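>
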Amino acid sequence: MDEKDHLLLQILEENSRVSVDELSVMTEISARDVECRIAALEEARIIRNYSAVIDWERAGNGEVWGIIELKVNPERDFGYDRIAERISKFKQVRSLRLITGTYDFQLLVTGKNMQEVARFVSEHIAPMDRIRETATHIVMKNYKENGNCLCGHEGTERIPYSF
Amino acid sequence: MRNFISKAAEAIPPSGIRKFFDLALTMDDVISLGVGEPDFTTPWNVCEAGIYSIEQGTTSYTSNRGLQELRDSLSEYLKDHYGLHYDADREMVITSGVSEALDIAIRAVIDPGDEALVTEPIYVSYAPCVTLAGGIPVPVPCREKDQFRLMPDALMEKISRKSKVLILNFPNNPTGAVMKRDDLKAIADIVVDHDLLVISDEVYAELTYGGSHVAPATIDGLWERTITLNGFSKAYAMTGWRIGYLCAPEPICDAALKIHQYVMLCAPVMGQIAANAAIRNGEDEKDKMVTEYRVRRNLFVHDLNRIGLPCHVPEGAFYAFPSVTSTGLSDFEFAEQLLKEERVAVVPGTVFGDAAKDHLRCAYAVSRKDLKEAVIRIERFMSNLPN
Chain R
-1 MDEKDHLLLQ ILEENSRVSV DELSVMTEIS ARDVECRIAA LEEARIIRNY
49 SAVIDWERAG NGEVWGIIEL KVNPERDFGY DRIAERISKF KQVRSLRLIT
99 GTYDFQLLVT GKNMQEVARF VSEHIAPMDR IRETATHIVM KNYKENGNCL
149 CGHEGTERIP YSF
Chain L
557 MRNFISKAAE AIPPSGIRKF FDLALTMDDV ISLGVGEPDF TTPWNVCEAG
607 IYSIEQGTTS YTSNRGLQEL RDSLSEYLKD HYGLHYDADR EMVITSGVSE
657 ALDIAIRAVI DPGDEALVTE PIYVSYAPCV TLAGGIPVPV PCREKDQFRL
707 MPDALMEKIS RKSKVLILNF PNNPTGAVMK RDDLKAIADI VVDHDLLVIS
757 DEVYAELTYG GSHVAPATID GLWERTITLN GFSKAYAMTG WRIGYLCAPE
807 PICDAALKIH QYVMLCAPVM GQIAANAAIR NGEDEKDKMV TEYRVRRNLF
857 VHDLNRIGLP CHVPEGAFYA FPSVTSTGLS DFEFAEQLLK EERVAVVPGT
907 VFGDAAKDHL RCAYAVSRKD LKEAVIRIER FMSNLPN
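In order, the protein sequences belong to chains R and L.
Be aware that the first sequence starts at -1, since it is given in our numbering, and climbs by one per residue.
Be aware that the second sequence starts at 557, since it is given in our numbering, and climbs by one per residue.
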């Protein structure tokens, strides 16, 4: 990983649809080199996926997001890893983190409505061995996602000319 | 009734792009590459510092020189970043933007009849400020074949017995040119030989892409005869906060301070507090913005050359400076027709002096999306020109 790799990652993180030719101009390296570097970054699983940031609220599909916190008894020899792997396999779980503080895991879970999120937690997560306690928070509004502000404020208007 | 307007004010030419400005204001959907300021907003942690200072009731004057903590931070910063050594208590004044710093610097050293050598193409306020101080601005052309750097032969040609000051601005507005250490050494010899003083406006110093900025005052023999001007507007996207600074050897700094205390008293306190936060905690945000400008420069300059507007690669600032000679239009004609027909605002080079004619200043401090759309419109405009 060098400076150019970092720059490629920054550009792709912001917009993964930039073409190889454009990336080449932007980063001052050849198109061939760009391709090789991206392939290597994908191979090393540094680039994990190419996705879009979607404001689902605007898309109007009414999806509900829940933040679930879990207290977990770690497993001898495996710690938190095996239980984390099991939880992460549910398609409803969009992200899963091991965190410091009162709880051990924090999950982001989606469902069609509040009942579905609650049912998922009570039927699939809470009964699992080693889960000691759960706390479920329903997301009321998203203001910022993956570094992108969703509040729609576009900044101030600029004058057309200044020196 | 008498004509109350002073001869000094009358001697200053009106803005060369007023009519463009007025026209653009009446239009919708204009993409402006005519703005000499960052499109980013001030980093939020810097804004917070300013907001907090107001909440705490810090709304008073500061000392004429500016807040002690800001000057201390700056002294350290200039040493670490550029190898510049200025004493925070004796050799520094915080000003209301670099514009004020430039004005008081010129007024501190220019007597009526003194000649100030100003590189051309040049930022629009230098010559009028010299004129207002009673001095005579003498343009020194920087040529495209030299990547718009100041060359010793061009300087020598314009030096006279009345020459007193050389005003430098690198990285340059409008060309994006930078001066490397060897370029400056060659100029330094002439400056010392002819006993000139340098006023160096380095407001774009942080926006230097191919290497580090070289401050003229770090060249042997120049520190004692240089006034260094800089500010927060461009690097930290803080244009509206109006914070700049002037650094110079003590006698010159004291002279500038006298003018500052009578005309400005002090720079706005909340701006000074925010500027201090920028120096202390704004580095990461600044670096991100600089990386983004460089990416945009690469894209935009590549596109300009591709569509037939030859453009050197600017090594600093956020301006591309393409030539329109191949189109058969003058820079004014090109800029005016482009605005009317395709709603893209650019600044005709001539407003930056005769040496800038047949060029356009295009600020790439706009989003990549807008830059791309601007290129599409410029290309369409050019394809509709008669052969």
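C-beta atoms are modelled at their ideal positions from N, C-alpha and C, and glycine is treated no differently.
Everything numeric in this text was worked out from a predicted model, so none of it was measured.
Please tell me whether R/Glu26 has its Cβ less than 8 Å away from any Cβ of chain L.
Here residue 26 of chain R refers to the residue found at position 28 of the first sequence. Yes, because at least one Cβ of chain L sits closer than 8 Å to the Cβ of R/Glu26.
> By the criterion of Cβ-Cβ separation under 7 Å, what are the contact partners of R/Val23 in chain L?
Taking the first sequence and counting its residues from 1, one reaches residue 23 of chain R at position 25. Chain L residues near R/Val23: Asn854, Leu855, His858.
> To the nearest angstrom, report how far apart L/Ser789 and L/Thr795 are at their CA atoms.
The sequence position of residue 789 of chain L within the second sequence is 233, counting from 1. The sequence position of residue 795 of chain L within the second sequence is 239, counting from 1. Using only the alpha carbons, I get a separation of about 4 Å.
> Counting only runs that start and end within the segment 582 to 670 of chain L, where is the alpha helix (DSSP H) found for 4 or more residues in a row?
With a minimum length of 4 residues, the continuous alpha helix (DSSP H) runs that stay inside the segment 582 to 670 of chain L are 600 to 611, 624 to 638, 653 to 665.
> Less than 8 Å between CB atoms is the rule here; does R/Ile36 satisfy it with respect to chain L?
Translated into the one-based positions of the first sequence, residue 36 of chain R becomes position 38. For R/Ile36, the answer is no, since every Cβ of chain L falls outside 8 Å of its Cβ.
> Please report the distance separating the alpha-carbon of L/Leu589 from that of L/Leu860.
Here residue 589 of chain L refers to the residue found at position 33 of the second sequence. Here residue 860 of chain L refers to the residue found at position 304 of the second sequence. Whole-angstrom Cα-Cα distance: 13 Å.
> Would you mind reading off the limits of the alpha helix (DSSP H) that contains L/Trp797?
As a working mapping, residue 797 of chain L is identified with position 241 in the second sequence. Note, L/Trp797: premise wrong, no alpha helix (DSSP H); not H, not E.
> Give me, in chain order, the residues of the same chain whose beta-carbon lies closer than 8 Å to that of L/Leu821; leave out the 5 immediate sequence neighbours on both sides.
Along the second sequence, one-based indexing puts residue 821 of chain L at 265. The answer, listed in chain order, is Tyr617, Asn620.
> Listing by chain order, which chain R residues have their CB less than 9 Å from the CB of L/Ser609?
Position 53 of the second sequence, counted from the first residue, corresponds to residue 609 of chain L. Here the premise fails: no neighbours, minimum Cβ distance about 21 Å.
> From R/Asp79, R/Leu6, R/Ala42, R/Glu11, pick the residue whose C-alpha is nearest to that of R/Ala29; which is it?
Within the first sequence, the letter at position 31 stands for residue 29 of chain R. For R/Ala29, the nearest C-alpha among the options comes from R/Leu6.
> Does L/Tyr760 get closer than 8 Å to chain R when you measure Cβ to Cβ?
Translated into positions along the second sequence, residue 760 of chain L becomes position 204. Chain R contact via Cβ: absent.
> Could you spell out where the beta strand (DSSP E) holding L/Gly827 opens and where it closes?
Within the second sequence, the letter at position 271 stands for residue 827 of chain L. Segment 825 to 837 is the alpha helix (DSSP H) holding L/Gly827; no beta strand (DSSP E) there.
> State buried or exposed for L/His868, treating a residue as buried only when at least 16 other CB atoms are found within 10 Å of its CB.
Position 312 of the second sequence holds residue 868 of chain L. With 16 or more other Cβ atoms within 10 Å, it is buried.
> Within the same chain, show all residues whose beta-carbon is closer than 6 Å to that of L/Thr675, passing over the 5 residues directly before and after it, in chain order.
Counting from 1 along the second sequence, the entry for residue 675 of chain L is found at position 119. Around L/Thr675: Val696, Cys698, Leu706.
> Tell me which same chain residues have a C-beta within less than 6 Å of the C-beta of L/Leu711, skipping the five on either side of it?
In the second sequence, the residue the question calls residue 711 of chain L occupies position 155. Only Val696, Ile746 meet the Cβ criterion.
> With 16 as the cutoff for other CB atoms within 10 Å, does R/Gly145 come out buried or exposed?
The sequence position of residue 145 of chain R within the first sequence is 147, counting from 1. Exposed: under 16 other Cβ atoms inside 10 Å.
> In whole angstroms, what is the alpha-carbon distance linking L/Ala565 and L/Ala689?
Sequence index remark: in the second sequence, residue 565 of chain L carries index 9 (1-based). Sequence index remark: in the second sequence, residue 689 of chain L carries index 133 (1-based). Approximately 11 Å between the Cα atoms of the pair.
> From R/Glu114 to R/Ile97, what distance separates their C-alpha atoms?
Taking the first sequence and counting its residues from 1, one reaches residue 114 of chain R at position 116. Taking the first sequence and counting its residues from 1, one reaches residue 97 of chain R at position 99. For R/Glu114 and R/Ile97, the distance between alpha carbons rounds to 25 Å.
> Anything in chain R within Cβ reach of L/Ala580, meaning under 8 Å, just list it in chain order.
Reading the second sequence from its first residue, position 24 is the one you call residue 580 of chain L. Ordered by position in chain R, the residues that pass the 8 Å Cβ test against L/Ala580 are Pro158, Tyr159.
> Between L/Lys913 and the rest of its own chain, which residues show a CB-CB distance below 7 Å, the 5 nearest in sequence each way excluded?
Within the second sequence, numbered from 1, the residue matching residue 913 of chain L stands at position 357. Only Asp887, Gly905, Thr906 meet the Cβ criterion.
> In the segment 887 to 902 of chain L, which residues sit with their C-beta less than 8 Å from some C-beta in chain R, listed in chain order?
Answer set for the segment 887 to 902 of chain L: Ala901.
> Taking Cβ positions only, does R/Leu204 come closer than 8 Å to chain L?
What is shown of chain R runs -1 to 161, which leaves residue 204 of chain R out entirely.
> According to a CB-to-CB cut-off of less than 8 Å, which residues of the segment 566 to 580 of chain L neighbour chain R?
The segment 566 to 580 of chain L vs chain R, Cβ under 8 Å: Ile573, Phe576, Phe577, Ala580.
> Assess, as a yes-or-no matter, whether the segment 917 to 934 of chain L is touched by the segment 572 to 579 of chain L under the definition of 3 or more beta carbon pairs within less than 8 Å.
No: the two stretches stay apart, fewer than three of their Cβ pairs being nearer than 8 Å.
> L/Gly787 bridges to which residues according to DSSP?
Counted from its first residue, the second sequence places residue 787 of chain L at position 231. Its beta-bridge partners are L/Gly800.
> Could you please give the first and the last residue of the uninterrupted alpha helix (DSSP H) stretch that includes R/Glu11?
Residue 11 of chain R sits at position 13 when you count from the first residue of the first sequence. Note, R/Glu11: alpha helix (DSSP H), 1 to 12.
> For L/Arg663, which residues from the same chain have a beta carbon less than 7 Å from its beta carbon, with the 5 sequence-adjacent residues on both sides left out?
In the second sequence, residue 663 of chain L corresponds to position 107, counting from 1. Ala689, Ile815, listed in sequence order.
> Between the Cα of L/Ile692 and the Cα atoms of L/Val754, L/Gly669, L/Val770, which residue gives the shortest distance?
Reading the second sequence from its first residue, position 136 is the one you call residue 692 of chain L. For L/Ile692, the nearest C-alpha among the options comes from L/Gly669.
> Can you confirm whether R/Glu20, when its beta carbon is compared against all beta carbons of chain L, has any partner nearer than 8 Å?
Residue numbering aside, residue 20 of chain R sits at position 22 when the first sequence is read from its first letter. So yes, R/Glu20 belongs to the interface.
> Are L/Gly960 and L/Thr764 close, meaning C-beta to C-beta below 8 Å?
Given a span of 557 to 943 for chain L in the structure shown, any question on residue 960 of chain L remains unanswerable.
> I'd like to check one pair, L/Glu647 with L/Pro805: are the Cβ atoms closer than 8 Å?
Sequence index remark: in the second sequence, residue 805 of chain L carries index 249 (1-based). Sequence index remark: in the second sequence, residue 647 of chain L carries index 91 (1-based). The answer is yes: Cβ separation under 8 Å.
> Do you know offhand how far R/Thr100's Cα is from L/Glu758's?
Locating residue 100 of chain R in the first sequence gives position 102, where the first residue counts as 1. Locating residue 758 of chain L in the second sequence gives position 202, where the first residue counts as 1. Distance between the alpha carbons of R/Thr100 and L/Glu758 is about 51 Å.
> Let me know the alpha helix (DSSP H) ranges lying completely inside the segment 842 to 903 of chain L, each 4 residues or longer, listed in chain order.
887 to 898, all fully within the segment 842 to 903 of chain L.
> Output the distance between the C-alpha atoms of R/Lys69 and R/Ala42, rounded to the nearest integer angstrom.
Against the first sequence, residue 69 of chain R aligns to sequence position 71. Against the first sequence, residue 42 of chain R aligns to sequence position 44. When rounded, the distance between both Cα atoms is 32 Å.
> Strictly below 7 Å CB to CB, what residues from chain R border L/Tyr679?
Numbered from 1 along the second sequence, position 123 holds the residue referred to as residue 679 of chain L. In chain order: Phe161.
> Does any CB atom of chain L fall closer than 8 Å to the CB of R/Ile9?
Position 11 of the first sequence, counted from the first residue, corresponds to residue 9 of chain R. Closer than 8 Å to some Cβ of chain L, the Cβ of R/Ile9 qualifies, so yes.
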